[in-house]
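For reference, the structure is listed below as structure tokens.
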DNA sequence: GCCGATCTCTCAATGATTGAGATATTCTCC
DNA sequence: GGAGAATATCTCAATCATTGAGAGATCGGC
């Protein structure tokens, strides 16, 4: 009873806020695990497939981009893409302008499969979003974008410091 | 302007919203990778260590709890804990009431090391939080909590359906 | 054109993860 | 109380993802 007091800014300590963020990230990770298990893929392959799916496909994401986005070494990315390609989820094309680069594209079937599997998740998201007023949703969106941006900047800076 | 037809809920489409969430989760994952690289640990070990750190320590988290929270098999959890214990980050105690169970506790040193490494991340979080009014932060907190809860419920239900 | 830089892939070595089974403990129901 | 089912953790051999160094191919600046 005593600890339920404050409501606005004070009640959520930095630590609790971190816990919330970690908890959500963890839960999303587990969704990936489940999708992997259901699809006969591995957790890493799913992360890669999702990264490919959420990349703009006109250009398509490069193995190097995946390397940066998944935190893997180049050999691991090649292996992941080999597995995804062998399973028929993605295919590679070589950039004609810069022939060193490769672009990874998803197959329509992969979109459909992932879309169907994640449909209940999307419903989940919609359900939660519906609990918030439009301007509140906008606030959440702004927060998510800013947080992501700020963390990316932090990592970028750290990388620069290391060199 | 023209192609924004299927607006499910306000200005942000469901797809964009999912992208935002995935992007943030991905970024947080990469932070874990970097911490792992700097600490001589593996990505999984870091996830486990963070899970131990954010668990209430009076009881301490069990290997089974970690198994559920990381999506690993029992053998993998044992291996992870062996590594973390060997590195001096955590230690195991056996529950006296139910001697089948084990509780994992972090060493104070682990808290300090992780705390120091993640201090800039915490500053990041604070910086972003400072950009929002108290009631907006409260909205974000509520959203994070509800989203996590809903996703956890979805996974729980799926697990039940499978059986 | 040439040299350094960039991007991807190869490959052997390492080691993390799996999955079935063993062990120990608790719970349930007669 | 005691037999059997259920639960929690650990063991271990087999599998396979990941690492890390290096090769091959291509581009950009001078």
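Residue numbers (this note's numbering), protein chains in the order written: chain U, 1378 to 1540; chain A, 1378 to 1540. Just so it is clear, CB atoms sit at the ideal spot from N, CA and C, and this is done for glycine as well.
**Item:** Chain-ordered chain U contacts of residue 1391 of chain A [CB-CB under 9 Å]
**Value:** Numbered from 1 along the second chain, position 14 holds the residue referred to as residue 1391 of chain A. Chain U residues near residue 1391 of chain A: 1499, 1502, 1503 and 1506.
**Item:** Members of the region 1414 to 1438 of chain A that neighbour chain U once the beta carbon cut-off is set at 8 Å
**Value:** 1420, 1424, 1427, 1428 and 1431
**Message:** Can you list, in chain order, the residues of its chain with a C-beta nearer than 8 Å to that of residue 1488 of chain U? Leave out the 5 residues immediately preceding and following it.
**Reply:** Sequence index remark: in the first chain, residue 1488 of chain U carries index 111 (1-based). These residues qualify, in order along the chain: 1430.
**Asked** With respect to the alpha helix (DSSP H) encompassing residue 1518 of chain A, which residues constitute its N-terminal and C-terminal limits?
**Response** Taking the second chain and counting its residues from 1, one reaches residue 1518 of chain A at position 141. Note, residue 1518 of chain A: alpha helix (DSSP H), 1511 to 1539.
**Asked** Can you give, in chain order, each stretch of the beta strand (DSSP E) that sits fully within the region 1444 to 1500 of chain A and has at least 3 residues?
**Response** 1467 to 1471 and 1479 to 1483
**Message:** Only counting the same chain, and skipping five residues up and downstream in sequence, which positions put a Cβ closer than 7 Å to that of residue 1482 of chain A?
**Reply:** As a first step, residue 1482 of chain A must be located in the second chain, where it is residue number 105. These residues qualify, in order along the chain: 1434, 1437, 1467, 1468 and 1470.
**Request:** Report back the beta-carbon spacing between residue 1521 of chain A and residue 1401 of chain U to the nearest angstrom; my notes put them in contact at under 8 Å.
**Result:** Here residue 1521 of chain A is taken as the residue at index 144 of the second chain, counted from 1. Here residue 1401 of chain U is taken as the residue at index 24 of the first chain, counted from 1. With 8 Å as the limit, residue 1521 of chain A and residue 1401 of chain U qualify as a contact, their Cβ atoms being about 6 Å apart.
**Request:** Flag residue 1466 of chain A as yes if its beta-carbon sits less than 9 Å from any beta-carbon of chain U, otherwise no.
**Result:** As a working mapping, residue 1466 of chain A is identified with position 89 in the second chain. False, the Cβ-Cβ gap to chain U never drops below 9 Å.
**Item:** Pick from A:1523, A:1477, A:1479 and A:1462 that is closest to residue 1486 of chain A, judged by C-alpha positions
**Value:** Against the second chain, residue 1486 of chain A aligns to sequence position 109. Ranking the options by Cα distance to residue 1486 of chain A, first place goes to A:1462.
**Request:** Determine the DSSP secondary structure at residue 1394 of chain A, reduced to helix, strand or coil.
**Result:** Residue mapping note: residue 1394 of chain A aligns to position 17 of the second chain, counting from 1. Three-state result, residue 1394 of chain A: helix.
**Request:** Please check if any C-beta of chain A sits within less than 9 Å of the C-beta of residue 1531 of chain U.
**Result:** Working through the first chain from its first residue, we reach residue 1531 of chain U at position 154. It does: the Cβ of residue 1531 of chain U has a partner Cβ on chain A nearer than 9 Å.
**Item:** Per-residue contacts from residue 1527 of chain A into chain U (C-beta, under 7 Å)
**Value:** Position 150 of the second chain holds residue 1527 of chain A. Result: 1501, 1504 and 1505.
**Request:** Check the Cβ of residue 1402 of chain U against every Cβ in chain A and list those closer than 8 Å, keeping chain order.
**Result:** Here residue 1402 of chain U corresponds to residue number 25 of the first chain, with the count starting at 1. Neighbours of residue 1402 of chain U on chain A, chain order: 1401, 1402, 1405 and 1406.
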